[in-house]
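Residue numbers (this note's numbering): 93 to 369. For reference, the structure is listed below as structure tokens.
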């Protein structure tokens, strides 16, 4: 696959052959609808593999990247960061990004590629991540691909009160996918809340880390609270139970976005772009 790409691009792009042993960061966004998640897959299209193929073409060497985290099948990202190591220094990073975007899938867009210190790691240097989940209370043909329609009246005040109980250091095992192989269920949530604008409801949550499926399970639980099927104060009991079956059902992936990744100890890292909606 790399060879086929190379034939298409090598005549239009050249790189500086100086050996540098440098680490570069990548800032990107993607529509996850067409992918089986971030991680490279054996028999399915992964975002990681698509970008690695593009980098390998331009750098004329097999290149692997490390992402800031895994997103599941169908999950999107307004902001995502990754890093790769190479011993070849691109002459012009803006031109490099232009050609990289020409190669990779059109559902992925690279904002910028930037040099970083060797110690910077897209995953482990991140200090906070934020997710958004979009809910529609009536059909919207422009947002249906990126949200989940809930044709019920929702009590936003109750949902917000419940969301506020998530803030702090808690064990979120009750909201994690069973057999998710997480070493600990402890996460520290910095903020969590609901905003409504017409028929669009946005749940946003920020934390130092997330368990697999955690945001989708919390979103489903908050929807149950908004519908009056579950008491707003039940969140604390759910967390204490450490029992996934006690929480709400996981909502579909299409409404979930990784919205922000912060590197508070590395101010040189590019700022996150504002979410499109």
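Glycine included, C-beta positions come from ideal geometry on N, C-alpha and C.
What first and last residue would you give for the beta strand (DSSP E) that runs through residue i?
i	result
residue 179	168-181
residue 206	200-208
residue 222	220-228
Exposed or buried, what is residue i when buried is set at 16 or more other beta-carbons lying within 10 Å of its beta-carbon?
i	result
residue 308	buried
residue 265	buried
residue 146	buried
residue 211	exposed
residue 328	exposed
residue 343	buried
residue 249	exposed
residue 245	exposed
May I have the straight-line CA-CA distance separating residue i from residue j, to the nearest angstrom?
i	j	result
residue 280	residue 262	6 Å
residue 282	residue 205	29 Å
residue 240	residue 227	5 Å
residue 177	residue 203	18 Å
residue 162	residue 198	20 Å
residue 43	residue 153	Limits of the chain in this structure are 93 at one end and 369 at the other, which puts residue 43 out of reach.
residue 293	residue 331	24 Å
residue 258	residue 156	36 Å
residue 115	residue 150	16 Å
Looking at the secondary structure, which residues open and close the alpha helix (DSSP H) in which residue i lies?
i	result
residue 129	Residue 129 -> no alpha helix (DSSP H), and no H or E assigned at all.
residue 190	185-195
residue 253	248-256
Kindly indicate which three-state DSSP category residue i falls into: helix, strand or coil?
i	result
residue 281	strand
residue 150	helix
residue 267	helix
residue 238	helix
residue 211	coil
residue 337	helix
Is residue i near the ligand PLP, with its Cβ less than 8 Å from a heavy atom?
i	result
residue 203	Of the ligands one can find in the structure shown there are none, so the ligand PLP has no counterpart to examine.
Please give the ranges of any beta strand (DSSP E) in the segment 286-332, keeping only runs that are unbroken, at least 3 residues long and fully inside the region. When DSSP assignments are scanned along the segment 286-332, the uninterrupted stretches of beta strand (DSSP E) that are 3 or more residues long and fall wholly within it turn out to be 292-299.
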